[in-house]
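> Before we start, here is the structure in question, set down as structure tokens.
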Amino acid sequence: MSTGLAILVLVFVALLLLETPIAFVIGIAAVLSAFALGYEQVLLSVARDLGNGLDSFALLAIPFFILAGELMGAGGLARRLIDLAAALVGRMKGGLAMVNTLTCMMFGAISGSAAAAVSSIGGTLIPEMNRNGYPKDFNIAVTATAATTGLLIPPSNVMIIYAVVASNVSVGALFMAGVLPGVLIGLLLSAVALAQSRRGNYGSAAGQVPPLMRSLWRALPSLLLVIFVLGGILGGIFTATEASAVAVLWAFLLSVVFYRETPWRMLPEIILRAARTTGIVMLLIAASQVMSRILTQEQVPDAVSSALLGLSQNPVLILLTINIILLVVGTFMDMTPAVLVFTPILLPVAVELGIDPVHFGIIMIANLCIGLCTPPVGTCLFLGCTVGKSNIVAVSRAMLPFYAAMVAGLLLISYVPALSLWLPRLAGVLK
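Numbers given in my numbering equal positions in the sequence shown, counted from 1, plus 156.
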């Protein structure tokens, strides 16, 4: 390893340990490495890379989807989805656990945010499950793990980021590819929640179960968001970026006009929150472009590819190694920076193994979803503990069966490509 790359790694790790914001970690480490490597006009080069990192039409979708998620989160969506889930599965033993997982799946998919799902759904259902005799740590574990499935089910901002970093990958194909894997992991988590509830004799039914048709009617406009986005993209009516603008319009109409749960005076605050989140994401993307260029010029992807392919000639073992690397990465790095940093390094290895880039994108996201509820940097885990008023050790222990379910789903996604590729090929967005 050259001196410049050694500085890159050491500064990166040191700043992470100091809890520096990840965008500054990536940017500072890359700039210091560029100086050490003797690049000419470093600051000018960095400025150019920062601009090039954001020069992508597909990235315009991110602020729109973030704003749509904020509008949906503030517009009474959570209560309607909870009622629908209760009407579908609330009558069975352990029904509230099933209601939790199903609602988190739907809310996470529509809002595009696992953290929003933990806050909105957990804030309502965790206290309700506590009152119905479910253990508090179990309730938090159900919420935190189920919330991550929404990042696989479109629309998903992290899929857009992966498509931009990977280049020549269709956002529409990624959206379609995530549907079955997201549903699969959601079903596995639901099965574990139900089994745990029945074995521990947790709760009973979900209390007063609302009528199915009335609940479906009230929740249907919200669910139509996903249908509009996917249907419009697949039907060639609009691009993924244009679909994000349609999502904002529909979310605005639902929250402000139809449901009337978001007063006009709240709109500036909602827009400001969306702008802050967008600024963080865009700064991450821009900074990662600087690091990506250094890694490429120093032939790090080629070196990693040669090292992994030199470990074994067995594609199964190499893919297992990649999964282990990503699982470890997910424990200390949030999803967006992990995708930005490790896609350029690991994607060439996947392509060398004959893995479709769309399939590999779903594998990567599924891995990093597990990291969202794994210490020490699991966003959903920390947020769930805050909402449910518990500690990380106790909740992590309750999560063990759910970790097993997520890893089982990950292995199926990794080694059964049809789970990711069948729908995009059926829809004609992938050859």
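Positions of the beta carbon are idealized from the N, C-alpha and C atoms, including for glycine.
(1) Report the start-end ranges of each alpha helix (DSSP H) in the segment 346-391 that is 4 residues or longer and not cut off at the edges.
(2) Going straight from the alpha carbon of Val255 to that of Asn547, what length do you get?
(3) Straight-line CA distance for Phe516 to Thr499?
(4) Measuring straight from C-alpha to C-alpha, what distance separates Leu502 and Trp406?
(5) Please determine, among Leu223, Gly183, Leu200 and Leu215, the residue with the shortest C-alpha to C-alpha distance to Arg429.
(6) Measuring alpha carbon to alpha carbon, tell me which residue in Thr542, Ala241, Ala190 and Ser312 is nearest Leu368.
(7) Touch check for the segment 481-488 and the segment 289-299: three-plus C-beta pairs under 8 Å?
(8) Tell me which residue opens and which closes the alpha helix (DSSP H) that Ser576 is part of.
(9) For Arg236, I'd like the list of residues in its chain whose CB is within less than 7 Å of its CB, leaving aside the five on either flank, ordered along the chain.
(10) Taking only three categories from DSSP, how would you classify Lys292?
(11) Looking only at C-alpha atoms, which of Val274, Phe294, Ala351 and Ala583 sits nearest to Leu528?
(12) Roughly how many angstroms separate the alpha carbons of Ala443 and Asp211, rounded to a whole number?
(13) What does the Cβ neighbour count give for Asp205, buried or exposed, with the cut at 16 atoms within 10 Å?
(14) Thinking Ile436 and Ala179 are a contact (beta carbons under 8 Å), I'd like their distance in whole angstroms, please.
(15) With distances taken from CA atoms, which of Leu215, Gly194, Leu193 and Ala186 is nearest Ala203?
(16) If the criterion is Cβ atoms closer than 8 Å, does the pair Ile519 and Val314 meet it?
(17) At a threshold of 7 Å, does Ile426 count as lining the ligand PLP (C-beta to nearest heavy atom)?
(18) Please confirm whether Leu335 and Pro310 have their CB atoms less than 8 Å apart.
Taking the coordinates as given:
(1) 368-390
(2) Reading the sequence shown from its first residue, position 99 is the one you call residue 255. Reading the sequence shown from its first residue, position 391 is the one you call residue 547. Approximately 24 Å between the Cα atoms of the pair.
(3) Counted from its first residue, the sequence shown places residue 516 at position 360. Counted from its first residue, the sequence shown places residue 499 at position 343. Using only the alpha carbons, I get a separation of about 9 Å.
(4) Stepping through the sequence shown from its first residue, residue 502 is reached at position 346. Stepping through the sequence shown from its first residue, residue 406 is reached at position 250. Computed Cα separation, rounded: 37 Å.
(5) Within the sequence shown, numbered from 1, the residue matching residue 429 stands at position 273. For the residues Leu223, Gly183, Leu200 and Leu215, the minimum Cα distance to Arg429 belongs to Leu223.
(6) Mapped onto the sequence shown, residue 368 falls at position 212. Answer by Cα proximity: Ala241.
(7) no
(8) Position 420 of the sequence shown, counted from the first residue, corresponds to residue 576. First-last of the alpha helix (DSSP H) with Ser576: Ala574 to Ala583.
(9) Your numbering for residue 236 matches position 80 in the sequence shown. So the list reads Arg374, Ala375 and Ser378, once near-sequence residues are dropped.
(10) Within the sequence shown, residue 292 is the residue found at index 136, counting from 1. The answer is helix: DSSP assigns Lys292 an H, G or I state.
(11) Counted from its first residue, the sequence shown places residue 528 at position 372. Minimum Cα distance to Leu528 is reached at Val274.
(12) For the purposes of this step, residue 443 is identified with residue 287 of the sequence shown, where counting begins at 1. For the purposes of this step, residue 211 is identified with residue 55 of the sequence shown, where counting begins at 1. Each residue's alpha carbon lies about 13 Å from the other.
(13) Here residue 205 refers to the residue found at position 49 of the sequence shown. Label assigned to Asp205: buried.
(14) Residue mapping note: residue 436 aligns to position 280 of the sequence shown, counting from 1. Residue mapping note: residue 179 aligns to position 23 of the sequence shown, counting from 1. Contact flag correct, Cβ pair sits at about 7 Å.
(15) For the purposes of this step, residue 203 is identified with residue 47 of the sequence shown, where counting begins at 1. Selected option, being the one with the closest Cα: Ala186.
(16) Locating residue 519 in the sequence shown gives position 363, where the first residue counts as 1. Locating residue 314 in the sequence shown gives position 158, where the first residue counts as 1. No.
(17) The model depicted lacks the ligand PLP and carries no ligand whatsoever.
(18) Within the sequence shown, numbered from 1, the residue matching residue 335 stands at position 179. Within the sequence shown, numbered from 1, the residue matching residue 310 stands at position 154. A small correction: the amino acid at residue 335 is Val; Leu does not occupy that position in the sequence shown. In contact: Val335 and Pro310 (Cβ atoms closer than 8 Å).
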